[in-house]
Amino acid sequence: MKITLPDGSEKSFDTQVSAAAVAADIGAGLAKAAIGAKVDGELYDLNRPLPGDCSLAIITRPREDKKGKSKWPNGKPDADALYLLRHSCAHVMAEAICKLWPDTKLAYGPPLDNGFYYDISLDTPISSDDFEKIEAEMKKIVQEDRPFTRYDLDPDTGFPKLEKEGNKYKIDNAKRAFEQGASDLSWYVTGPIESIKSNGLDPLAKPPKVSHFEDLCQGPHAPNTGTIGAFKVMSIASSNWHGDVTSDRFQRVYGTAFFTQADLDEHLENLEQARQRDHRVIGPRLGLYTIDEQVGQGLVLWKPNGAVVRQELQNFIAEHLTRQGYKQVFTPHIGKLGLYKTSGHYPYYQESQYPALVSREQVQSLADEGCSCAQLSSQMEAGEIDGYLLKPMNCPHHIRIFASDKHSYRDLPIRLAEFGTVYRWEQSGELNGMMRVRGMTQDDAHLFCTEDQVADELQGCLELVKIVFNTLGMNDYRVRVGLRDPDSDKYVGEPEQWDKAESACITAAKSLGVPFSSEAGEGAFYGPKIDFVVKDVIGREWQLGTVQVDYQLPIRFDLSYTGADNQPHRPVMIHRAPFGSMERFIGVLIEHFNGAFPLWLSPQQMRVLPISDKFTDYAQEVTDKLKAAGFRVEVDANNERLNAKIKLAQEAKVPYMLVVGGKDKDAGTVSVRHRSEGDRGAVPVEAFIEAAMKERDGRELMES
RNA sequence: GCCAGCAUAGCUCAGUGGUAGAGCAGUUCUUUCGUAAAGAACAGGUCGCGAGUUCAAAUCUCGCUGCUGGCUCCA
């Protein structure tokens, strides 16, 4: 067989060899460090025979630096090496759990970007108190440094073995593997293959009792349990078979693994730091928002400081909307049920809406008729009762504004914008600080245009996103273009329209100059869309904005404009909320800036700190001048030492601290301290104001 | 909604069945201070809510509410 190595060189072998043999042939050092292989782009066990002529890259364990941290060849962790390690650790954890709770049924245990999990089913639920016990068992297995040994069985032998073991999840996994083109079933034994061979390799034989663990698994794995340098059982959650809530429920046990203890420690330290950066920690601490049990779950109360950030951001966005020819509208928070029946949102999304508000007269007449709660509920379900809905989206209201006038093709596009507040009944377990709420204000707009205008309008939407993201220094976002699934018939509209709209979306996405993915089947049923996705501090992805092309609602509401031919034509709608909601966007922003907003967004932009109360008069004089220049500024006249005032201002992330004492009073200066640069020395008041105004009005980013 | 965990002063937390604790914040007084916490005194709690067990419950049991992690969902 002919093996091509990553550097392009080739090696030939007379017999079928494994990656281990190739590594040994290259050098003893490599052989020692090798833990797996990548064969034609596919991960392989180190000792698994190579399939034939192929390209081969040896995956090695990292070296260690002086502090015991992994030292990776190209500076960043090798995802493949960690994959092998974590996948293997999932098996070790599964073995430990099976030993502690013999009735455990294993379902599925894959590696993740930052660890692994195993879905298990057992009678006695595991709790976090059990983690230590599990880790102790895992430690033993790792210390025994047992090999991971793969063996394959053909389906005729493999399926009876699985049937005998009686784990329906593994049988299901095996079936799926075959559907995906597997030719054999593979098991991984955490131990020498002799533990099987001693039974004459009879897969139906009872497995030996000593240190034997095997798991149906496609692999691959690290060569030995000892490869796992450090691990930790992290958390436990509930999950369902194939993510189907109506199907069997599992306990999902999360863990993580690293090559060294120092790596694990660093990871845990990073997690702790991320927690400190969480908007749910910083937000309340900085007085930005609160959520109150008496008001309701998922209902954000914007406190004065948060309101400033939001207002500034809205002003900024509104400024650009005006520039782009948007017209501002305002619409009420409720609308009649019929509106949402026309739009199709009710009753299809009934479960994610607040229940309808039914008129007093109607409730009374129903009561007079002796209507029971059950009847009321079923009439509501059937849509026989009229009422009002807290609006779950703004589009129907905007559509009715469009429909209130007759439009010529010359008027198009019409762009209606509103910071519109909508309400959605999200499941309680999904609520999350400002990121996932039940009442939110979208930076919403609806564009009504001709089909030919769609491409330009999409460009315009993305232009706005680009401006705002650049101004805020947010470069770390992902763009997802959702297209139709060619094999599905759930989509409405003509294929030609779709082709045009899809290519317009892709062209628009390209113009952003950031990575984007086109995902078939991710489009809305009424049209393709462009979504913006960012990660929070703990790595969770949140969709911010979306831009959607819609052919459906104009039909449902029978919208039209008069064309050059004097005939009615159907407009195309574009829904766009490029930042999603103010709640989520500012939640993301809090974490992005770690609470230290740029000057223009800071709730308090400056704080004047007199060094003693002898200088409060001068401090007030300075403050008045700053206020006259439009700054949000306060004097800290408390009876405290300067150091204490500075500490408080730093903690409040106030951009500028202006220290004033005798020297400043005499010279007409302020001693400027920048929250991240520290002491900048004395500056004449007017000069400081001028520079700060430039920084504020230019919406400059303070920290690079 | 589901599984596990958590809930003690405004905040961070200690308190394993026997008189509710600390630090910070707050109030008052002293101090008048030049770049990340001056000192002292005072005040502050129905231990999330409701039942139960017990001579006795912050502590044990059950239910509820809220929060955290994950699952599912996100028009």
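Sequential numbering from 4 applies to the first sequence in the numbering used here.
Each residue gets a CB set at the ideal place from its N, CA and C atoms; glycine is no exception.
Inter-residue distance for Ala-511 and Leu-465 is about 7 Å (C-alpha atoms, whole angstroms). Rounded to whole angstroms, the gap between the alpha carbons of Arg-153 and Ser-491 is 40 Å.
Annotation for Glu-706: Ser-679 place their beta carbon closer than 6 Å to its own, counting only its chain and skipping 5 residues before and after. Taking a cut-off of 8 Å for Cβ pairs, the region 372-387 and the region 318-329 do not touch, as fewer than three such pairs fall below it. Here the C-alpha atom of Leu-59 lies approximately 6 Å from the C-alpha atom of Lys-41. Less than 8 Å divides the Cβ of Thr-63 from the Cβ of Ile-38.
A residue is called buried once 16 or more other Cβ atoms fall within 10 Å of its Cβ, and Tyr-172 is buried on that count.
Spatial neighbours of Pro-9 in its own chain (CB-CB distance under 7 Å, excluding positions within 5 residues in sequence) are listed in chain order as Ala-60.
A check of alpha carbon separations from Pro-581 across Lys-493, Val-471, Glu-505, Gly-232 identifies Val-471 as the nearest. Per DSSP, reduced to three states, the secondary structure at Asn-273 is helical.
Inclusion of Pro-399 and Tyr-480 in the CB contact set at 8 Å is not warranted, their separation being larger than that value. The secondary-structure analysis by DSSP pairs Gln-378 with nothing; it has no beta-bridge partner. For the set Gly-583, Phe-519, Val-663, Phe-691, the Cα lying nearest the Cα of Gly-548 is the one of Gly-583.
Taking a C-beta distance under 8 Å as the contact criterion, Phe-535 and Val-468 qualify as a contact pair. Following the DSSP letters along the chain, one finds Thr-127 in no alpha helix (DSSP H), marked with neither H nor E.
In this structure, Val-673 lies near Val-663, with their beta-carbon atoms less than 8 Å apart. For the 8 Å CB-CB criterion, Gly-301 and Leu-115 do not form a contact. Taking C-alpha positions only, Asn-397 is separated from Thr-424 by approximately 8 Å.
Looking at the backbone, the Cα of Gly-78 and that of Glu-67 are separated by about 12 Å. Only buried fits Thr-259, as 16 or more other CB atoms lie within 10 angstroms of its CB.
If you compare the alpha carbons of Gly-665, Asp-682, Tyr-659, Glu-315 with that of Ala-694, the shortest gap goes to Tyr-659. The DSSP assignment places 480-486 as complete runs of the beta strand (DSSP E) inside the region 464-489, in order along the chain (cut-off: 3 residues).
Linking Val-256 to Val-236 through their CA atoms gives a straight-line distance of about 7 Å. Assignment of Gln-300 by DSSP, reduced to helix, strand and coil, places it in the coil class. According to DSSP, Met-576 shares a beta bridge with Phe-451, Asp-553.
Residue state for Gln-353 is assigned as helix, using DSSP reduced to three classes. Taking every protein chain shown into account, the CB of His-90 has 16 or more other CB atoms within 10 angstroms, so this residue is buried. The Cβ atoms of Arg-149 and Asn-273 lie no closer than 8 Å to each other. Close CB contacts of Leu-103 within its chain, under the 7 Å cut and outside five residues either way in sequence, are with Lys-136, Ile-137, Glu-140 (chain order). If only uninterrupted alpha helix (DSSP H) runs of at least 4 residues are considered, those enclosed by the region 240-291 are 264-280, 282-288. DSSP places Ile-541 in the coil class of the three-state scheme, outside both helix and strand. Separation of Ser-186 and Thr-160 (C-alpha to C-alpha, rounded to the nearest whole angstrom) is 12 Å. By the neighbour-count definition (other C-beta atoms within 10 Å, threshold 16), Leu-271 is an exposed residue.
With a beta-carbon spacing of about 7 Å, Val-95 and Ile-231 fall inside the 8 Å limit used to define contacts. DSSP, reduced to helix, strand and coil, places Asp-155 within a strand of the structure shown. Listed in chain order, the non-local C-beta contacts of His-572 below 8 Å within the same chain comprise Tyr-412, Thr-453, Ser-563, Tyr-564, Thr-565, Gly-566, local neighbours out to five positions each way being set aside.
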